[in-house]
Every structure is written in structure tokens, then in C-alpha cells.
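Notes follow the structure.
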Amino acid sequence: MRWKILKVASRALGKLLDEADARWVRFGDEVFFYAPGAKLKALRPGDGEDVTTVRQGDDDLPLGNFHLVAQMGRSFQREHPDVRVLFDKGRYIVVDLERDKAEAIRAEGHSCFVIEPLGDRRVMFDIRPAGAPVRKQPRASAMANAVSSPAFSGDLEHLVSLQTRLSTSTDFLGAANWALTRLSGFGYAIGMRPIAVGNLGPSVNVVATKASTAASPGEVIITAHLDSINHEDGPAGPAPGADDNASGSAGVLELARLVAMREFEHDVTFVLFGGEEQGLFGSRQYVASLAADERARIRGVINMDMVGRINAPPATVMLEGAPVSQDLIDRLADAAAAHTSLAVQISLNPFASDHVPFIEAGIPAVLTIEGGDSANDAVHTARDTLDRVDPAFAVEILKMNIATIAELAGVRETVVLTPLSCCSPFTSGTLPSPAGDINRTLAAHLNQLIAQYRRLEGERRLQAEDYQSWQDVRQMLESLPGQGRPA
Ligand SMILES: [Zn+2]
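First residue of the sequence shown: 284, per the working numbering; consecutive thereafter.
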């Protein structure tokens, strides 16, 4: 078997792949073909405007030698530097390895990478360009615009300041308690659920829920793993886990802060998992604990694992799911186009993070992760430090996610619009009304109050009782005479 990698313009892709008399696996706009030499030659006689050759092999390999590796960071290449890489797409690589050797590596059961026969007619990921025109949803826009970089960075810095967040350590419990306190402060119903990390010891998942007042609501779940690990220095080594995954955990807290201030058609649940790095223990046990009716009402799961680093321009987010999550992937890609400047990669090959147990249970889940994560070689080492996270990039991913949550969970209205819609009947009539001036004054006071709330929110100084007093103000407004009166 010979092999060849072609870069193909999207307008030429369908025809080329349909007609190819060769095995192929596509990675965005690049396609890895392999076939007996004559067939490969016939595939593409020369380069043109639409097709260029990226690379080709000049040796003959047995069919069984072509393998695909999906890896976290550079975990496979770090462990097997001697294995020849034919094509390097970071998270995915094509390697030349005899079948029995690949089988032996696979049998070792690593949690950081998988190796399998390369296969045929597979799409590993797709690319959507940034900024495709999409209709903006005003309420989603308001939530996306409210994402606060200082709030995110504050939580990120706290988590990274801990010596480790190894799932079975006391430091991890400290981090879990701290997160629980934050979520409780936002007004959530909270819970700390014990889990077992194999035979390594106990750990916990942190769960926070905002219940909808609807009769039979669905549920939207936002997740990240709170734990970190250091594979180079062992359990006693420092594991700052800034990108992997203080970034996703701080992201969960920031989205929780924003969700707390609105009301939704559906329940919204936030989960910070333990035991991810040892093999998805927290998320597996969470999914296993759900009854059939609880699973059935889940509208979508958005998982964040490494959302802090631009590994290669342009700034790219990878949306990784499965056919069951195609609708959620489309929503996220639309939100990225509408509310961010991110380029989007899409993969239907779920792997090695907390979205996997949900997908295996038939629940639509998507991993949102920085593009080109495998160029990030500090993952799972003491070098995954704060300076490697770019909060401005993380904020882009958070905007995409909160806009999607707003749509999927059915945000009812923003705090800003509530008092204004209440007061409009008084101020927009054509006849002079004696109540008009009073209510204009009231509206001005309310706007001041809202501005103050927003400032405190930005400074992360709002407590549960502040949200309660905000609800009280809203109730007072709704009881004012004139509600629902025609303008
Ligand atoms: Zn991770």
C-alpha cells in the first residue's frame, strides 16, 4: 500500500472522495489516501487549483500497518517516540505500526490515547470558517456580552494556586469545597456527591442545579473536570493544571454566575467532576446514577476541557461529539459564528473526556476544547501553569457556550429588560399622563440600580442575598398598577 495526503478545496471534495478508488480518512480539508500504488497514481495525476499534494510516501506498507491514534496532548508520541508518524494532525495522527504491536499497546489500556486500525471513508473533523453570517438572538447576545474576563481569571488563579487537584488528595477536596461555596453564593441548590476513583480512593463530584418553574422541564448540563494530574513527577508533584482543566472549571463557575441571574424554561445543572484524569470516573458514575426518565429529559450536555490556549492561529474551538449530538454541535457552531470570532472544527469521534459517558448513554453531549490541543505539550505536567492560559480566548469559548445555553435552556428574559417592559405602558402613551413623570423618574432610578448591580457583578461582589433582593424588586414592579395596560 502506498499513501498520499492531498489538500482539497471544499468545492472539489465531494466529487474527489466519491470517485476515489482508494481508502481515505479526511481531516478537515486534508485527506489521507492509501491504496496499491497504481490506484493511488490514478487518483490524482497532477496538482491543480483545487487539489495540492501535502505529502506522499515512497515506500510500500502492509495494509495492517496503517493506524489512527487519538491522543491528549502528545501523550502517545511521548510514550512511543520510536513509532513512525505518517501524518500529524495533533489530536489525531496516522502512524506506521505492525498490527500485533498496535494491538499490544491497545491492550495496555491507556486513558490518554487510543490506537486503532485507520479504517476507510472516515471524517475525523470538519472545519467551519469564522464569522459565517447567522441571525443573532438578542437574549443570547445579552448573555454572551455579560461574560466577564476578570471574574473568569479570578477563579482560574485561585484553582491554579493550589499545589495539586489530584482527585484523591485533600487539596482536591479543598478545591471542591471552595467551588461549592462559590455556587452556593450564586443561589444554587448544591450537592457534593462521593465517587470512587477505581482502587485509588474516594473523590467527589460537585453538582449545582437551578430548577425551572415550568411543569415538566428538560435539563441542560454544563460540565468540566475539576481534577488535575502530573504524569511526569507522580502524585507528590505539583499539578497546577491551568489549561487542563482549571480553565474549564473557572468557565463552569463563570457560566453559573451568569445563569444565576436569569430564569429559564428548563433546569440548568452544573457539574464539576473528580476522577477524570484516572479514566472518567466522576462522569461515568454521574451518568450511571441517572434513572431512565432523568436521562430522557436532558436536552444537551456541554463539556469544557482545556479552553484556555490558542495553539496555532487562527483562534479555533473544536466541537467534539457524535451523531447523537449533531443538533447541539450545530447550535454551538451557529453561536460561535454569531457571537465570537472563533474558527470551528467539528469531530464526531468522541474521546477521552467527560462527554463520552453521556454519549455512550445516548445523551447529546459535546466537548468544547481549544483547537490543536495536542500542540499543548505541557498537559499533565508541572508546566501547565497560569501563563499558558489566554483568558481572552477562553472568554470567546464561554460566549459561544452561554449563547447556546440561553437558546437551549430557553432563557426567559434578561434582568435589564424586565423593569423597562414593565414601565413602558406609562411612558409611551400619546396623551399626557400624570403618572408619566413619576414613572420616568422610577425608570431612571431603576436604570441606576441595574448599573450598580452590573458593576458589582463585574467585581464579583454579588452575594445570594443580593440576588434575592433583586427578585424582590422585580416582584414589586410586577405588582405596580398599569401592568399589561395598553400603551
Ligand atoms: Zn482534561
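In this text, a Cβ means the ideal position worked out from N, Cα and C, and glycines have one as well. Remember, predicted model here, so these are calculated numbers, not experimental data.
Val417 counts as exposed, since fewer than 16 other C-beta atoms from the protein chains shown sit within 10 angstroms of its C-beta. Straight across, the Cα-Cα distance linking Ile652 with Gly604 is about 11 Å. The alpha carbon of Lys290 has as its nearest neighbour, out of Ala675, Ala318, Arg338, Asp304, the alpha carbon of Arg338. Secondary structure of Phe469 (DSSP, three-state): coil. The straight-line gap separating the alpha-carbon atoms of Arg405 and Ala574 is approximately 34 Å. When the Cα atoms are used, Tyr750 and Leu732 turn out to be separated by approximately 13 Å. Around the beta-carbon of Asn488, 16 or more other beta-carbon atoms lie within 10 Å, marking it buried. Taking the C-beta atoms as reference points, Ile581 is found no nearer than 8 Å to Thr687.
Taking a cut-off of 5 Å from the heavy atoms of ligand 1, the residues with a C-beta inside it are Asp527, Asn528, Asp588.
In this structure Ala620 is not in contact with Arg422, their Cβ atoms being roughly 17 Å apart against a cut-off of 8 Å.
In this structure, Gly331 lies away from Arg448, with their beta-carbon atoms at least 8 Å apart. Looking at the backbone, the Cα of Ala626 and that of Asp755 are separated by about 42 Å. With a cut-off of 8 Å on Cβ pairs, the region 656-664 is not in contact with the region 471-490, counting fewer than three such pairs.
Partner residues in a beta bridge of Pro596, as assigned by DSSP, do not exist. A distance below 8 Å separates the beta carbons of Thr506 and Val554. Taken atom to atom, the span from the alpha-carbon of Ser630 to that of Ile410 is near 9 Å.
Exclusion of the five residues before and after Phe315 leaves Ile288, Val308, Phe370, Val377 as the residues of its chain whose Cβ lies within less than 6 Å of its Cβ. Beta-bridge annotation (DSSP): Trp307 is paired with Phe316.
Rounded to whole angstroms, the separation of the alpha carbons of Ala385 and Arg306 is 20 Å. In chain order, Ile398 place their CB closer than 6 Å to the CB of Ile388, counting only its own chain and leaving out the 5 sequence neighbours on each side.
For Ser394 and Arg738, the gap between their C-alpha atoms comes out near 43 Å. Shown here, Ser436 sits in a helix according to DSSP, grouped into three states. Comparing alpha carbon positions, the residue from Ser624, Gly484, Trp753, Val678 closest to Arg545 is Trp753.
Counting only unbroken stretches of 3 or more residues, the beta strand (DSSP E) elements lying wholly within the region 631-670 are 648-653, in sequence order. Around the Cβ of Ser499, a 10 Å sphere holds fewer than 16 other Cβ atoms; the residue is exposed. When DSSP states are grouped into helix, strand and coil, Gln561 belongs to the coil group. Taking C-beta atoms as the reference points, Phe469 and Ala522 fail to come closer than 8 Å. Across the set Pro597, Val678, Tyr375, the C-alpha of Val678 shows the shortest separation from the C-alpha of Met587. The bridge partners DSSP lists for Ser486 are Ile478. Selection Thr623, Lys419, His622, Glu502 evaluated against Val551 yields Glu502 as nearest (Cα-Cα). Taking a 10 Å sphere around the C-beta of Gly645, we find fewer than 16 other C-beta atoms and assign the residue as exposed. When Lys493, Asn428, Val600, Gly347 are compared, the shortest CA-CA separation from Leu650 is found for Val600. Classified as exposed, Ala675 has fewer than 16 neighbouring CB atoms from the shown chains inside 10 Å of its CB. Around the Cβ of Asn528, a 10 Å sphere holds 16 or more other Cβ atoms; the residue is buried. Under the three-state reduction of DSSP, Gln735 is assigned to helix.
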